[in-house]
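In the working numbering, the protein residues as written are 1352 to 1548.
Using N, Cα and C, we set each Cβ at its ideal position, and we do this for glycine too.
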Amino acid sequence: MLSLVVLISGGGSNLRALLEASEDAEFPARVVAVGADRDAEGLAHAEEFGISSFTVPFSSYQNREEWGDALLEQILQWEPDLVILSGFMRLLPPRVIAALSPNLINTHPAFLPEFPGAHGVRDALAAGVTQTGASLIVVDESVDAGPIIVRERVPVHPGDTESSLHDRIKPVERRLLVQAVLDIANGHINLKELARA
Ligand code: GAR
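Structural data, given as C-alpha cells:
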C-alpha cells in the first residue's frame, strides 16, 4: 500500500479525487495526511474523510528555507512513499526537493512544457491557443520543467474564461492523477527511472 501526503493551497478537488479513490479497498494507495501552506479551503476534505492535516503558514517564517524545513519535518513524520503537490502554490526550497525526490510529483493545468508557473490556465487563454492540457510531472528544481509522467490535451473553446477552461481541465487532471498513483503503486510507472532519464 502506497502512503501519500498531499499538499494543497486551495479548494483541493484533486485531493478529494484521491480520497474518494482510496475508499475502494482495491485502490493501492492511501492519503495519510494533508498539508497546506495556508488556511486552505480543501482542508475540509481531509476532515470529512477523517484524515490528519497540518498547516505550515509561509508567513510565520523568516524565509523560504526555514518555512521549507518546518514543512519537511511535518511531511517526514508521516513517512510517505509519495508526496503530491496538488494545487500547492509555493515553490519548495531545494533542500525539500532533494529530501523527497523523486517521490514528489505535481499536477499542472497545462500541457507542459507549455505555460508553466502559477497561471497556466490564464496564460494559455492569453496566448490564444485552441488547445491546452493537463500534466503530471516529477518535481525538480525547475519551475514545472521536471520529467513528465503523463499529460493530456484539453480543447479551448471560443468564449472560454479562465474559470470555464479550468473547469474543463480539472476532471482530466483528476483522472490522470488517480491513474498515475495507481500506476506508481503497481510499478507501471517508475519515478526513479523517469527522474534519471
Ligand atoms: C489544479 O488545477 C492544479 O493543477 C493547479 O491548481 C489547481 C488546484 O485545484 N496547480 C497549479 O497551477 C500549480 N502551478 P484543486 O485545489 O481544486 O485541486
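Considering only residues of the same chain and omitting the five flanking positions on each side of residue i, which have a CB-CB separation below 7 angstroms?
{"i": "residue 1391", "result": "1359, 1360, 1361, 1363"}
{"i": "residue 1531", "result": "1487, 1500, 1501, 1540"}
{"i": "residue 1384", "result": "1356, 1402, 1403, 1404, 1405, 1429"}
{"i": "residue 1381", "result": "1352, 1354, 1355, 1373"}
{"i": "residue 1471", "result": "1459, 1460, 1461"}
{"i": "residue 1511", "result": "1476"}
{"i": "residue 1396", "result": "1363, 1366, 1367, 1370"}
Mind checking residue i: buried by the 16 CB within 10 Å criterion, or exposed?
{"i": "residue 1497", "result": "buried"}
{"i": "residue 1502", "result": "buried"}
{"i": "residue 1373", "result": "buried"}
{"i": "residue 1375", "result": "exposed"}
{"i": "residue 1495", "result": "buried"}
{"i": "residue 1528", "result": "buried"}
{"i": "residue 1365", "result": "buried"}
{"i": "residue 1481", "result": "exposed"}
{"i": "residue 1483", "result": "buried"}
{"i": "residue 1574", "result": "What the structure shows of the chain is the stretch from 1352 to 1548, and residue 1574 is not part of that stretch, so it cannot be assessed."}
{"i": "residue 1547", "result": "exposed"}
Helix, strand or coil for residue i per DSSP?
{"i": "residue 1436", "result": "strand"}
{"i": "residue 1478", "result": "helix"}
{"i": "residue 1354", "result": "strand"}
{"i": "residue 1365", "result": "helix"}
{"i": "residue 1441", "result": "coil"}
{"i": "residue 1376", "result": "coil"}
{"i": "residue 1448", "result": "helix"}
{"i": "residue 1487", "result": "strand"}
{"i": "residue 1494", "result": "coil"}
{"i": "residue 1405", "result": "strand"}
{"i": "residue 1549", "result": "Lying outside 1352 to 1548, the shown extent of the chain, residue 1549 is not represented and no answer is given."}
{"i": "residue 1393", "result": "coil"}
{"i": "residue 1471", "result": "helix"}
{"i": "residue 1548", "result": "coil"}
Which residues in the same chain have their Cβ closer than 6 angstroms to the Cβ of residue i, if we skip the five residues on either side of it in sequence?
{"i": "residue 1445", "result": "1492"}
{"i": "residue 1523", "result": "1485, 1503, 1505"}
{"i": "residue 1369", "result": "1382"}
{"i": "residue 1525", "result": "1365, 1368"}
{"i": "residue 1466", "result": "1474, 1475"}
{"i": "residue 1520", "result": "1460, 1485, 1505"}
Among residues of its own chain, excluding the 5 on either side of residue i, which ones have a beta-carbon nearer than 8 angstroms to its beta-carbon?
{"i": "residue 1469", "result": "1440"}
Stretch pair the stretch 1449–1463 + the stretch 1537–1547: three plus CB contacts closer than 8 angstroms: Contact annotation: the stretch 1449–1463 touches the stretch 1537–1547, with at least three C-beta pairs closer than 8 angstroms.
Cβ contact (3+ pairs, closer than 8 angstroms) linking the stretch 1373–1388 and the stretch 1405–1415: Touching, per the Cβ criterion.
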